[in-house]
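This report concerns only the one structure given below.
Residue numbers (full-length UniProt numbering): 1 to 161.
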């Protein structure tokens, strides 16, 4: 079992975070394009719509790469003195994040390229769930640092293969 994350894993973690954050910040153009497409059968193409599509596909590719590394390498263990319920919560949060990093872009691509409204509705729901799970993940990392005084947060900043 590794002691920490590799430089590649850390870069992928933060790159995916930044790309997803950009998706939330710049989603208005895509929402408007989708509404127009559903109303009229067309939309006004612009750079922000293209950015949303390509960034979503990039998140999907990077998430799959990141998951492949994790499955091949494993993950560093959680602190030994951590209560079992918190270890379970951390594991569930990570599994959910990986699922969402794949399902959100896939549902968006199916909606956009297939014109499937149910996929768009699923995409909207999943992105809200993703935001909530990211917040839980962040709060868990802060709790590790502030309450439990562990070095868990450091592992996503400093490589330690």
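Glycine included, each C-beta is placed from N, C-alpha and C at the ideal position. Remember, it's a predicted structure, so these values are computed and weren't measured experimentally.
### Task
Go ahead and pull the three-state DSSP assignment for residue 28.
The residue you call residue 28 lines up with position 28 of the chain shown. Helix, per DSSP.
### Message
Counting C-beta neighbours from all protein chains within 10 Å, is the total for residue 3 16 or more, i.e. buried, or is it exposed?
### Response
The residue you call residue 3 lines up with position 3 of the chain shown. Counting Cβ neighbours within 10 Å, residue 3 comes out exposed, since fewer than 16 surround it.
### Query
Cβ of residue 69 within 7 Å of Cβ of residue 9?
Position 69 of the chain shown holds residue 69. Position 9 of the chain shown holds residue 9. For residue 69 and residue 9, yes; Cβs fall inside 7 Å.
### Message
Given a cut-off of 7 Å on the beta-carbon distance, is the pair residue 29 and residue 59 in contact?
### Response
Translated into the one-based positions of the chain shown, residue 29 becomes position 29. Translated into the one-based positions of the chain shown, residue 59 becomes position 59. No, the Cβ-Cβ distance between residue 29 and residue 59 is not below 7 Å.
### Message
Would the region 51-58 count as touching the region 108-126 if we require 3 or more Cβ pairs under 8 Å?
### Response
Enough Cβ pairs lie closer than 8 Å, so yes.
### Query
How many Å lie between residue 165 and residue 123 at the Cα?
Lying before the first or after the last residue shown, residue 165 is absent from the chain, which here runs from 1 to 161.
### Message
What would DSSP say about residue 157, mapped onto helix, strand or coil?
### Response
Mapped onto the chain shown, residue 157 falls at position 157. Looking at residue 157 - three-state DSSP - the assignment turns out to be coil, as it is neither helix nor strand.
### Task
Have a look at 118, 100 and 81 and flag the residue whose alpha-carbon is nearest the alpha-carbon of residue 147.
Your numbering for residue 147 matches position 147 in the chain shown. Of the listed residues, the one whose Cα sits closest to residue 147 is 81.
### Task
Would you kindly work out how many angstroms separate the C-alpha atoms of residue 85 and residue 78, rounded to a whole number?
Sequence index remark: in the chain shown, residue 85 carries index 85 (1-based). Sequence index remark: in the chain shown, residue 78 carries index 78 (1-based). Using only the alpha carbons, I get a separation of about 12 Å.
### Message
Quick test of your reading: residue 34 and residue 120, contact by CB under 8 Å. State the CB separation rounded to the nearest angstrom.
### Response
In the chain shown, residue 34 corresponds to position 34, counting from 1. In the chain shown, residue 120 corresponds to position 120, counting from 1. Taking the Cβ atoms as the reference, residue 34 lies roughly 6 Å from residue 120, within the contact range of under 8 Å.
### Message
Assuming the contact rule is C-beta atoms closer than 8 Å, residue 57 and residue 12 should be a hit. Round their C-beta distance to whole Å, please.
### Response
On the chain shown, residue 57 is found 57 positions in, with the first residue counted as 1. On the chain shown, residue 12 is found 12 positions in, with the first residue counted as 1. Between residue 12 and residue 57 the Cβ distance is about 15 Å, and since that is not below 8 Å, they are no contact.
### Task
Verify whether the separation of the beta carbon atoms of residue 98 and residue 126 is less than 7 Å.
Within the chain shown, the letter at position 98 stands for residue 98. Within the chain shown, the letter at position 126 stands for residue 126. No.
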